[in-house]
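Structure record follows, encoded as structure tokens.
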Amino acid sequence: MSNKYFSRRNFIKKSASTIAALTAFPYIIPSKIIGKDKQIAPSDKIRVGCIGLGWQGPWNMNMFLHETDAVVVAVCDIDKNHLLEAKNKVDTFYGNKDCATYHKYEELLERKDIDVVSIAVPDHWHGILSIAALKAGKDVYGEKPLSHNLMEGRAICDAVERYGRIWQTGSWQRSQNHFRFACELVRNGRIGKVHTVEVGLPAGNSDFGGNDIITAPPKELDYETWLGPAPLAPYASARVHKSWRWNLDYGGGQLLDWIGHHGDIAHWGLGIEKTGPVEISGVGEYPKTGLWNTATRYRVETKYADGLKMILAGGHKDICNGRSGTKWIGDEGWIWVDRGESLDSSNELILNDTIKSNEVHLLKSPGHVRNFLDCVRSRQETIAPVENAHRSVSPGHLGQISMLLGRKIKFNPETEEIIGDPVASRLLGRPMRSPYHI
119 MSNKYFSRRN
129 FIKKSASTIA
139 ALTAFPYIIP
149 SKIIGKDKQI
159 APSDKIRVGC
169 IGLGWQGPWN
179 MNMFLHETDA
189 VVVAVCDIDK
199 NHLLEAKNKV
209 DTFYGNKDCA
219 TYHKYEELLE
229 RKDIDVVSIA
239 VPDHWHGILS
249 IAALKAGKDV
259 YGEKPLSHNL
269 MEGRAICDAV
279 ERYGRIWQTG
289 SWQRSQNHFR
299 FACELVRNGR
309 IGKVHTVEVG
319 LPAGNSDFGG
329 NDIITAPPKE
339 LDYETWLGPA
349 PLAPYASARV
359 HKSWRWNLDY
369 GGGQLLDWIG
379 HHGDIAHWGL
389 GIEKTGPVEI
399 SGVGEYPKTG
409 LWNTATRYRV
419 ETKYADGLKM
429 ILAGGHKDIC
439 NGRSGTKWIG
449 DEGWIWVDRG
459 ESLDSSNELI
469 LNDTIKSNEV
479 HLLKSPGHVR
489 NFLDCVRSRQ
499 ETIAPVENAH
509 RSVSPGHLGQ
519 ISMLLGRKIK
529 FNPETEEIIG
539 DPVASRLLGR
549 PMRSPYHI
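Just so you know, our numbering puts the end of the sequence shown at 556, numbered straight through with nothing missing.
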């Protein structure tokens, strides 16, 4: 094993003195890593492997490509077209042919020279892949929602702690200034005590061009592996790639696809990190035919132990005034925030205010991938850590259960158990097709 390998790995995982220095100055790259020409020494670059390169994966990979202290060395996908497109992009960017390709994620994870992995796969693979990467000693940039179901989310959280890894969730809104500012205003009492939060999410199921016709899988796709732990089912283009999110075997519809963004901001503004709702009541409208079976119009009302009410909805114009985003309502006013630097409030003076030096200041991220890489070096917690990600999407998982059963459920957020409803409790997890397991 080369000395260069030990130099980089010792810096990231074993150098107590370097880690201590970085704890005080987490966004400064030590001068010993940077050469006289201000270039990062190749031996000290964080080596990245990317798993899942269909839709979100290439976006994430591109972010890593443009970070000067990281290098993408390997890509993995079970669709040969996606795999070759990713390799070509990496090789073109670096001007070489060095990027390794893998069909099996296990082979990529076996490489001891890879420090971190970016995982962007369908939700039903999140639990297995994430835990395998953590167990292999990799720090992980993982996508939202954290998990396919609540039990798998808890298993991922436990694995991050057990193996002592760094985790960043792709809830990148936390790294945008206007979202942070909105949350700081709420946390510092600009609208008084918050009693209600409205979370406006998309409705419907986006049509990505697939259909329900059963055919043989395309030769470039390893469909058996794509199904993985999900039930055995015949191939149809409406089942895979972008459209998988509209089938409950693989995803959670618009509710779970978006709660890791706007629901995450709702929790961030309230400082909710290690708890969740105690009562959940959901109503959803579902397609009557076809492979897509996630709710197209839905409303989930949750209650927290302190009396706070949070409403998650898609297709309901009374939520956020028919807009997407997050709206906190307090006894002294309200604040709403969405993408596109959209901010609104009950009084324009609220948004013209500043956060004072003695008030709560949330972490100002230099960029979501940049924050992750900084934390890989410093071993500090990222801006979107795993427990926060799990708690942010838990209301969605519980709302899904309530909608499917058509009844209110009660939940203990400390033990993460549904109270007095054995049928609902069984839906906290799912059986996995043999031989898959966590």
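Glycine is no exception: its CB is placed at the ideal position from the N, C-alpha and C atoms.
Predicted, not measured: the structure shown is a model, and the values here were computed from it.
Residue i classed as buried or exposed, judged by whether at least 16 other C-beta atoms fall within 10 angstroms
i: Ala334; result: exposed
i: Pro424; result: Position check: residue 424 holds Asp in this sequence, whereas Pro was assumed. So Asp424 counts as exposed.
i: Arg457; result: exposed
i: Asp216; result: exposed
i: Asp375; result: buried
i: Asp155; result: Here the model assigns Asp155 a pLDDT of 45, short of 50, so the residue's position is not dependable, and the following value carries that caveat. So Asp155 ends up on the exposed side.
i: Ile536; result: buried
i: Pro553; result: exposed
i: His555; result: exposed
i: Gly327; result: exposed
i: Ala142; result: Bear in mind that the predicted position of Ala142 carries a pLDDT of just 37, short of 50, making it too unreliable to give a figure here.
i: Ser361; result: buried
i: Arg280; result: exposed
i: Ile332; result: exposed
i: Arg509; result: buried
i: Val315; result: buried
i: Val541; result: exposed
i: Glu532; result: exposed
i: Trp173; result: exposed
i: Glu558; result: Residue 558 lies beyond the residue range present for the chain, which begins at 119 and ends at 556; the question has no answer from this structure.
i: Thr414; result: buried
i: Gly524; result: exposed
Where the alpha helix (DSSP H) containing residue i begins and where it ends
i: Ile296; result: In the sequence under discussion, the amino acid at residue 296 is His, which differs from the Ile named in the question. Taken as a continuous stretch (DSSP letters only), the alpha helix (DSSP H) holding His296 covers 295-305.
i: Ile468; result: 466-469
i: Phe211; result: 198-212
i: Gly432; result: No alpha helix (DSSP H) contains Gly432, which is instead part of the beta strand (DSSP E) from 427-432.
i: Asp557; result: A question about residue 557 goes unanswered here, because the residues of the chain that appear run from 119 up to 556.
i: Ala250; result: 244-253
i: Gln174; result: 174-183
i: Ser460; result: Segment 460-463 is the beta strand (DSSP E) holding Ser460; no alpha helix (DSSP H) there.
Beta-carbon proximity of residue i to residue j, cut-off 8 Å
i: Ala204; j: Leu171; result: yes
i: Asp187; j: Leu491; result: yes
i: Cys168; j: Val190; result: yes
i: Leu373; j: Gln157; result: no
i: Leu557; j: Arg551; result: Residue 557 lies beyond the residue range present for the chain, which begins at 119 and ends at 556; the question has no answer from this structure.
i: Ile437; j: Ser520; result: no
i: Leu252; j: Ala277; result: yes
i: Leu366; j: Thr412; result: yes
i: Trp364; j: Asn329; result: no
i: Gly370; j: Gly514; result: yes
i: Ile377; j: Leu430; result: yes
i: Met269; j: Leu480; result: no
i: Cys194; j: Tyr212; result: no
i: Asn306; j: Glu477; result: yes
i: Lys435; j: Val396; result: no
i: Asp325; j: Ile196; result: no
i: His244; j: His221; result: no
i: His500; j: Trp285; result: Inspection of the sequence shows that residue 500 is occupied by Thr rather than by His. Yes, the Cβ-Cβ distance between Thr500 and Trp285 is below 8 Å.
i: Gly538; j: Lys528; result: yes
Identity of the residue in the options nearest residue i by Cα
i: Val511; options: Asp424, Val418, Asp462; result: Val418
i: Arg283; options: Trp410, Asn206, Lys256, Arg229; result: Lys256
i: Ile383; options: Ser442, Trp364, Tyr281; result: Ser442
i: Arg548; options: Pro347, Glu225, Leu469; result: Pro347
i: Glu338; options: Gly485, His200, Leu546, Ile536; result: His200
i: Arg165; options: Gly538, Tyr554, Val494, Gln498; result: Val494
i: Lys474; options: Asn178, Glu505, Arg308; result: Arg308
i: Asn506; options: Thr472, Gly318, Asn306, Lys392; result: Lys392
i: Lys207; options: Leu183, Lys198, Val504; result: Leu183
i: Leu426; options: Pro540, His385, Asn178, Ile331; result: His385
i: Tyr368; options: Thr343, Gly433, His379; result: Thr343
i: Arg562; options: Thr210, His221, Ala254, His244; result: With the chain running from 119 to 556 in the structure shown, residue 562 is simply not present.
i: Asp471; options: Pro176, Asp233, Gln294, Glu302; result: Glu302
i: Leu522; options: Pro160, Glu534, Arg544; result: Arg544
i: Lys311; options: Asp539, Gly524, Asp462, Ile453; result: Ile453
i: Ser460; options: Lys528, Phe297, Phe529; result: Phe297
i: Ser428; options: His313, Cys275, Lys526, Leu516; result: Position check: residue 428 holds Met in this sequence, whereas Ser was assumed. Closest option to Met428, Cα to Cα, is His313.
i: Gly111; options: Asp233, Asp162, Ala321; result: No answer is possible for residue 111: it lies beyond the span of the chain, which begins at 119 and ends at 556.
i: Asp462; options: Leu227, Gly538, Ala300, Ala192; result: Ala300
Opening and closing residue of the beta strand (DSSP E) in which residue i lies
i: Leu319; result: 312-319
i: Ser399; result: 397-403
i: Thr412; result: Note, Thr412: premise wrong, no beta strand (DSSP E); not H, not E.
i: Gly535; result: The sequence given here has Glu at residue 535, not Gly. Element bounds for Glu535: 535-537.
i: Tyr220; result: 218-220
i: Ala192; result: 188-194
Heavy atom of the ligand NAP within 7 Å of residue i beta-carbon
i: Ser496; result: Here there are no bound small molecules, and the ligand NAP is not part of this structure.
Hey, is the stretch 401-415 in contact with the stretch 439-454, meaning 3+ C-beta pairs nearer than 8 Å?
-> no
Is the stretch 255-269 touching the stretch 228-238, taking contact as three or more C-beta pairs under 8 Å?
-> yes
Determine contact between the stretch 466-486 and the stretch 278-296, defined as no fewer than three beta-carbon pairs at a distance below 8 Å.
-> yes
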